[in-house]
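These notes are about the structure you will find just below.
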């Protein structure tokens, strides 16, 4: 007995050191309540609660008491079962939403990459040079080229008019 007492004292001292010098109880007292064992519900109980859940996912105290009495379990167990069921449905819904959002995000990323690639390889249809994103000079260059083409057409038409007027004179 004295050997086990010394071992207990050594363990107690070790616990005291680890816990900052405050005494810590290693073995719980005999009068502490033990946790209840986990009881699974029968398939019939689950089926009854599932059917009730489809009609009413948020039963009040009276409904829970009636249901628990009908299937033979504690009203508190029914309450927790409904809470867990609602949490499961919410989690499942959120997981599905996350999957949908990830797929949409991937589609948008792919489209963005495709558009960036198209912009990087864009070239001016008039001159064939590489176009820059937001290049004001490029827009101005296009306008100047269009103006030059139009001036040339006006000049050519004026020459044709002069040639025709000279031919009629």
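In my numbering, the protein residues as written are 47 to 215. Here a beta-carbon is modelled for each residue, glycine too, at the ideal position from N, C-alpha and C.
key: Closest Cα partner of residue 94 within the set 112, 138, 107 and 106   = 112
inquiry  = Just to confirm before moving on: does the CB-CB distance between residue 110 and residue 121 stay below 8 Å?
reply    = yes
request  = Assuming residue 117 and residue 91 form a contact by the criterion Cβ under 8 Å, report the distance between their Cβ atoms to the nearest whole angstrom.
outcome  = 5 Å
message = My parser needs the beta strand (DSSP E) runs of 3 or more residues fully inside the region 82-121; what are they?
response = none
ask   = Should residue 105 be labelled buried (16 or more other beta-carbon atoms within 10 Å of its own) or exposed?
value = buried
key: Buried versus exposed, by CB contacts within 10 Å (16 or more), residue 10   = Only positions 47 to 215 of the chain appear in the structure, and residue 10 is not among them; the question remains open.
Cβ separation of residue 119 and residue 139, assumed to be a contact under 8 Å, to the nearest whole Å = Not a contact, Cβ separation roughly 27 Å.
Distance CB(residue 99)-CB(residue 128) smaller than 8 Å = yes
query = How many angstroms separate the CA atom of residue 84 from the CA atom of residue 123?
reply = 11 Å
ask   = Leaving out five residues before and five after residue 67 in sequence, what residues of the same chain have Cβ atoms less than 8 Å from its Cβ?
value = In this prediction, residue 67 scores a pLDDT of 47, lower than 50, which makes its location untrustworthy; no coordinate-derived value is stated.
inquiry  = I need the straight-line Cα distance from residue 193 to residue 202, nearest angstrom please.
reply    = 14 Å
query = With a CB to CB cut of under 7 Å and the five nearest residues on each side skipped, what residues in its chain are close to residue 158?
reply = none
key: Alpha carbon of residue 155 to alpha carbon of residue 130, nearest angstrom   = 37 Å
query = Expressed to the nearest angstrom, what Euclidean distance is found between the alpha-carbon atoms of residue 144 and residue 167?
reply = 34 Å
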